[in-house]
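Chemist:
Number of protein chains: 2
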Amino acid sequence: MALVNENFLKLPVSYLFSDIAKKVNAFKVSHPTARVISLGIGDVTRPLAPAVIEAMHKAVDEMSRTSTFRGYGPEAGYDFLREAIIKNDFAPRGIHLDPKEVFVNDGAKSDTGNIGDILGLDNSICMTDPIYPVYVDSNAMCGRAGNLTPGGVWSNIIYTPCNAENNFVPALPDQKVDVIYLCYPNNPTGTVITRAELKKWVDYALKSDSIIMYDAAYEAYIQDKDIPHSIYEIKGAKRCAIEFHSYSKTAGFTGVRCGYTIVPRELTATTVTGERVELGALWNRRQCTKFNGTGYIQQRAAEATYTPEGKAQIQETIAYYMENARIMRQALTKVGLKVYGGENAPYIWLKTPSGTTSWQFFDQLLHGPHIVGTPGVGFGPAGEGYFRLTAFGTREDCIEAMDRLTQWLG
Amino acid sequence: MALVNENFLKLPVSYLFSDIAKKVNAFKVSHPTARVISLGIGDVTRPLAPAVIEAMHKAVDEMSRTSTFRGYGPEAGYDFLREAIIKNDFAPRGIHLDPKEVFVNDGAKSDTGNIGDILGLDNSICMTDPIYPVYVDSNAMCGRAGNLTPGGVWSNIIYTPCNAENNFVPALPDQKVDVIYLCYPNNPTGTVITRAELKKWVDYALKSDSIIMYDAAYEAYIQDKDIPHSIYEIKGAKRCAIEFHSYSKTAGFTGVRCGYTIVPRELTATTVTGERVELGALWNRRQCTKFNGTGYIQQRAAEATYTPEGKAQIQETIAYYMENARIMRQALTKVGLKVYGGENAPYIWLKTPSGTTSWQFFDQLLHGPHIVGTPGVGFGPAGEGYFRLTAFGTREDCIEAMDRLTQWLG
Chain D
1 MALVNENFLK
11 LPVSYLFSDI
21 AKKVNAFKVS
31 HPTARVISLG
41 IGDVTRPLAP
51 AVIEAMHKAV
61 DEMSRTSTFR
71 GYGPEAGYDF
81 LREAIIKNDF
91 APRGIHLDPK
101 EVFVNDGAKS
111 DTGNIGDILG
121 LDNSICMTDP
131 IYPVYVDSNA
141 MCGRAGNLTP
151 GGVWSNIIYT
161 PCNAENNFVP
171 ALPDQKVDVI
181 YLCYPNNPTG
191 TVITRAELKK
201 WVDYALKSDS
211 IIMYDAAYEA
221 YIQDKDIPHS
231 IYEIKGAKRC
241 AIEFHSYSKT
251 AGFTGVRCGY
261 TIVPRELTAT
271 TVTGERVELG
281 ALWNRRQCTK
291 FNGTGYIQQR
301 AAEATYTPEG
311 KAQIQETIAY
321 YMENARIMRQ
331 ALTKVGLKVY
341 GGENAPYIWL
351 KTPSGTTSWQ
361 FFDQLLHGPH
371 IVGTPGVGFG
381 PAGEGYFRLT
391 AFGTREDCIE
401 AMDRLTQWLG
Chain P
411 MALVNENFLK
421 LPVSYLFSDI
431 AKKVNAFKVS
441 HPTARVISLG
451 IGDVTRPLAP
461 AVIEAMHKAV
471 DEMSRTSTFR
481 GYGPEAGYDF
491 LREAIIKNDF
501 APRGIHLDPK
511 EVFVNDGAKS
521 DTGNIGDILG
531 LDNSICMTDP
541 IYPVYVDSNA
551 MCGRAGNLTP
561 GGVWSNIIYT
571 PCNAENNFVP
581 ALPDQKVDVI
591 YLCYPNNPTG
601 TVITRAELKK
611 WVDYALKSDS
621 IIMYDAAYEA
631 YIQDKDIPHS
641 IYEIKGAKRC
651 AIEFHSYSKT
661 AGFTGVRCGY
671 TIVPRELTAT
681 TVTGERVELG
691 ALWNRRQCTK
701 FNGTGYIQQR
711 AAEATYTPEG
721 KAQIQETIAY
731 YMENARIMRQ
741 ALTKVGLKVY
751 GGENAPYIWL
761 KTPSGTTSWQ
771 FFDQLLHGPH
781 IVGTPGVGFG
791 PAGEGYFRLT
801 AFGTREDCIE
811 AMDRLTQWLG
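Respectively, the protein sequence lines represent chains D and P. Positions 1 to 410 (the working numbering) are the ones given, in order, by the first sequence. Positions 411 to 820 (the working numbering) are the ones given, in order, by the second sequence.
Dropping the structure here:
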């Protein structure tokens, strides 16, 4: 008699974005003439950079000839990409990595979800709250998160809240934690972490022998020169952190699928009897068993983001989205809303007006100005009373949404 | 103190293909003038079909324009592909599926490796032996396989041997098993399963409430009209089987990355207290959490394999590889070796000459005719004394390898 993994049954039946989709669809059916503007899901809208398009056409052509055809690539990625990553994303920041420490993947979601495979089930988990739901759900699926309690709190997760009261600076946990998930620039709040604050986490992790899962998927949106792009800018981080990167938001690869994960050689965790084991070796073993590498065409596409043309084109797109964010911040502030994020990140996090819950505000925005955003509580208990808007829409939609919102609240 | 998943430490330190690569590299260093022909790893060598190339160029162009750009797709795949799969791979065989039962992925290795996520850790596992190592290793990583004993046998896996003695027809297990892995046409033996034999397994699974993981990655190579292409050709299989498909071997997508998994709606497993749970819902939840869909370009590529031109071009490539297999079978038989497979599969499985172990034969072939194959014992204990050759090479290499082998053994 085959048994299911009952941890799955502890997860809420519906997920945030499907709940949103259902509400939006119901609204559209009852309001067929309303044009709904979505600033909800964090998907990009700008096309791929010309340099990327060119590289992909070239790679497709290579696949059409016997002499240049590529079959299975190395599970962790081609050296041409791993070397380009090191040269462009790390070396300029004084971070020295070996290509073997770079694991190319099909997007950060896969790796942030799968990374737990290499860790024991008894580790205690700490997360900033609100947070990207994948960290929570993937830990729930293997039982590491414990049980879901009525307030939306998992019994074995130690939450460190980020909200207006603490200016979105999470406090270090006051109890022992083994694995810490940090995401900066943050999804969903759009806030960043200073070098000094990040150092506190690295020092904590080194002292308590914990691992930091550092999700840097939005680092390309950092405008402020003092904000760290990589946790490895902090001394000692190679001994305590895994870092996740993605081309999804950096270069609009949400429909292409390519990212990478850094597992430094110095990074170890222990067995129950105290022997130290290199996590890079375990992750490599995991990937060689359950992943067959990212496609050649996608890897050539990623490589093209590092050419001079590619870099310039990508910066242009990022500037486009950041101008959206500026327009949104300005309009939202003008109508008296408290707004966070959006300065070094494509996400805007706003406080719902006086006591409105996240879902109430969602309904009001949908039925009033016909704007779709994401209820903050969907990202964790501390997200209640907040709301996320993304800057990934078109300029036209962004301006129109802000006009509607201004009129509606004005 | 972060703890590692100690199940990883039970795995052999090195893996089959890296051991092979090391031996080959060492040989090449000491024999710099020898031209080694590899018939080892199951990677294809023919370029992609023109119809696929054309579809990919078109999709790349769509990604270059705002109006046709595609970001995140549905996690389980676009309907255009899911519908094409049903229409072409199943409907003609009388199998009726709903698009929601089709889960598009980045290759069968990911899903055969990850599928265990949705099952409890206490299930007993049965595998034919020898077998594709991913099934074993992925179960070992989560602890379900137990411990590795000296003979290369995992303590919690029930093996059902396939060898010349039983004409490669695995016996049903004589003890209760919960999850059964079957791969037909088989990797590594290249043998197939008849409808009558497959029915025995389906009937067994239905009776004992077990789940069959059916890997049909090589079904496109079946030439014999009576051999089933899908387990769902057997009555009742939708209530007991998950089926894995891949474009890797069918259409040369090893470097593109696209496949799919069928989880029928009727398929359930139970909780400890006996409630039945739909496995499709759990798999969907798993994929929505830890996978962000297959890229748009890859899915358009897969769709193109179902056009009339695509189908014809793919059949031509399959015929090319099967002609290789025929040449190899003929030559190997002529020199007196016992040869299996290669008639409905791109793999040839040969019995090593009189008492030679798999690895001894590997060394002899490398140092003698400079041919690389795969030692059968690398696929499981019952593979000892066998050796795998693949038909995925070029015609020229295939002919030359057989000439060298004939001379060497002659």
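Heads up, the beta-carbon is just placed ideally off N, CA and C, and yes, glycines get one too. Remember, it's a predicted structure, so these values are computed and weren't measured experimentally.
For K609(P), which residues from the same chain have a beta carbon less than 7 angstroms from its beta carbon, with the 5 sequence-adjacent residues on both sides left out?
Modeler: Hits under 7 angstroms: I644.
Chemist: Would you mind sorting V192(D) into buried or exposed? The rule is 16 or more other CB atoms within 10 Å of its CB.
Modeler: Looking at its Cβ environment, which holds 16 or more other Cβ atoms inside 10 Å, V192(D) is buried.
Chemist: Measuring alpha carbon to alpha carbon, tell me which residue in A21(D), N186(D) and P264(D) is nearest L39(D).
Modeler: Of A21(D), N186(D) and P264(D), the residue nearest in Cα terms is A21(D).
Chemist: Got a sec? Which residues, its chain only, sit under 6 angstroms from V563(P) by beta carbon, not counting five neighbours each side?
Modeler: Within the same chain, V563(P) has close Cβ partners P791.
Chemist: How about M738(P): is its C-beta nearer than 7 angstroms to some C-beta of chain D?
Modeler: Answer no: the Cβ-Cβ gap between M738(P) and chain D never drops below 7 angstroms.
Chemist: Taking a Cβ distance cut-off of 7 angstroms, strictly less, list which residues of the segment 109-140 of chain D are near chain P, in chain order.
Modeler: From the segment 109-140 of chain D, only K109, S110, G113, N114, D117, I118, L119, G120, D122, N123, V134, D137 and S138 have a Cβ closer than 7 angstroms to chain P.
Chemist: Return the Cβ separation of I86(D) and P74(D) in integer angstroms, given the expectation that the two are a contact with Cβ distance under 8 angstroms.
Modeler: Contact flag wrong, Cβ pair sits at about 15 angstroms.
Chemist: Taking three-plus beta-carbon pairs below 8 angstroms as touching, is the segment 685-702 of chain P in contact with the segment 760-768 of chain P?
Modeler: Output reads no: the segment 760-768 of chain P does not touch the segment 685-702 of chain P.
Chemist: Taking C-beta pairs closer than 7 angstroms, name the residues in chain D that T664(P) reaches, listed in chain order.
Modeler: What T664(P) touches in chain D: G71 and Y72.
Chemist: Suppose you measure from the CA of Y159(D) to the CA of E653(P); what does that come to, to the nearest Å?
Modeler: Straight-line Cα distance between these residues: approximately 40 angstroms.
Chemist: The segment 684-713 of chain P: which residues have C-beta closer than 8 angstroms to a C-beta of chain D, in chain order?
Modeler: If the cut-off is 8 angstroms between Cβ atoms, the segment 684-713 of chain P has V687, L689, L692, R695, R696, C698, T699, K700, F701, N702, G703, T704, G705, Y706, I707 and Q708 near chain D.
Chemist: Would you check if the distance between the CB atom of A216(D) and the CB atom of H245(D) is smaller than 7 angstroms?
Modeler: Contact: yes.
Chemist: Rounded to the nearest angstrom, what separates L592(P) and T261(D) at their Cα positions?
Modeler: Going from the Cα of L592(P) to the Cα of T261(D) covers about 33 angstroms.
Chemist: For G341(D), which beta-bridge partners are listed by DSSP?
Modeler: In DSSP, G341(D) forms a bridge with I348(D).
Chemist: What in chain P is Cβ-close to I211(D), meaning under 7 angstroms?
Modeler: The contacting residues are A412.
Chemist: Any Cβ of chain P within less than 7 angstroms of the Cβ of G307(D)?
Modeler: It should be noted that the sequence gives Thr, not Gly, for residue 307(D). Chain P contact via Cβ: absent.
Chemist: If contact is defined by three or more beta carbon pairs under 8 angstroms, each pair taking one atom from either stretch, is the segment 339-351 of chain D in contact with the segment 65-85 of chain D?
Modeler: Too few Cβ pairs lie closer than 8 angstroms, so no.
Chemist: Three-state secondary structure (DSSP) at L172(D)?
Modeler: In this structure, L172(D) counts as coil in the three-state DSSP scheme.
Chemist: Taking only three categories from DSSP, how would you classify N577(P)?
Modeler: In the structure shown, N577(P) sits in coil (DSSP, three-state: anything other than H, G, I, E or B).
Chemist: Find the residues of chain P that neighbour D98(D), judging by a C-beta separation of less than 8 angstroms, and give them in chain order.
Modeler: What D98(D) touches in chain P: nothing, since even the nearest Cβ is about 18 angstroms away.
Chemist: By the criterion of Cβ-Cβ separation under 8 angstroms, what are the contact partners of E416(P) in chain D?
Modeler: Those are G120, T271 and V272, listed as they occur along chain D.
Chemist: Compute the distance between the beta-carbons of P228(D) and E101(D), then report whether it is under 7 angstroms.
Modeler: The answer is no: Cβ separation not under 7 angstroms.
Chemist: Tell me, please, whether the CB atom of S474(P) is closer than 7 angstroms to any CB atom in chain D?
Modeler: Output row for S474(P): interface = yes.
Chemist: Within 7 angstroms (strictly less), CB to CB, does P188(D) reach chain P?
Modeler: By this cut-off, P188(D) is not an interface position.
Chemist: What separation, rounded to the nearest whole angstrom, lies between the Cα atoms of G77(D) and G255(D)?
Modeler: Their Cα atoms are separated by approximately 19 angstroms.
Chemist: Relative to the C-alpha of I590(P), which candidate in N566(P), G720(P), Y624(P) and D807(P) has its C-alpha closest?
Modeler: Minimum Cα distance to I590(P) is reached at Y624(P).
Chemist: Hey, could you find the ends of the beta strand (DSSP E) I430(P) is sitting in?
Modeler: Looking at the DSSP string, I430(P) is not in any beta strand (DSSP E); the run it does join, the alpha helix (DSSP H), is L426 to S440.
Chemist: Within 10 angstroms of the Cβ of P460(P), are there 16 or more other Cβ atoms? Answer buried if so, exposed if not.
Modeler: Counting Cβ neighbours within 10 Å, P460(P) comes out exposed, since fewer than 16 surround it.
Chemist: Can you give me, in chain order, the residues of the segment 167-184 of chain D that have a beta carbon less than 7 angstroms from any beta carbon in chain P?
Modeler: So the list reads D178 and V179, given in the order they occur along the chain.
Chemist: Using 10 angstroms around the beta-carbon of V682(P), count the other beta-carbons present and answer buried if the total reaches 16, otherwise exposed.
Modeler: When all chains shown are included, V682(P) counts as exposed.
Chemist: Under 7 angstroms between beta-carbons, which chain P residues line up against V60(D)? List them in chain order, please.
Modeler: Here the neighbours are I463, M466, H467 and V470.
Chemist: Since P161(D) is in the beta strand (DSSP E), which residue starts that stretch and which ends it?
Modeler: Residues I157 to P161.
Chemist: Could you compute how far the alpha carbon of Q298(D) sits from the alpha carbon of F513(P)?
Modeler: Those two C-alpha atoms are separated by around 21 angstroms.
Chemist: Can you check the segment 686-714 of chain P for any beta strand (DSSP E) of at least 3 residues that lies completely inside it and give the ranges in chain order?
Modeler: For the segment 686-714 of chain P, whole beta strand (DSSP E) runs of length 3 or above, ordered along the chain, are 686-688.
Chemist: Is DSSP giving T406(D) helix, strand or coil here?
Modeler: If DSSP states are grouped into helix, strand and coil, T406(D) belongs with the helices.
Chemist: At which residues does the beta strand (DSSP E) containing A722(P) begin and terminate?
Modeler: No beta strand (DSSP E) contains A722(P), which is instead part of the alpha helix (DSSP H) from P718 to K744.
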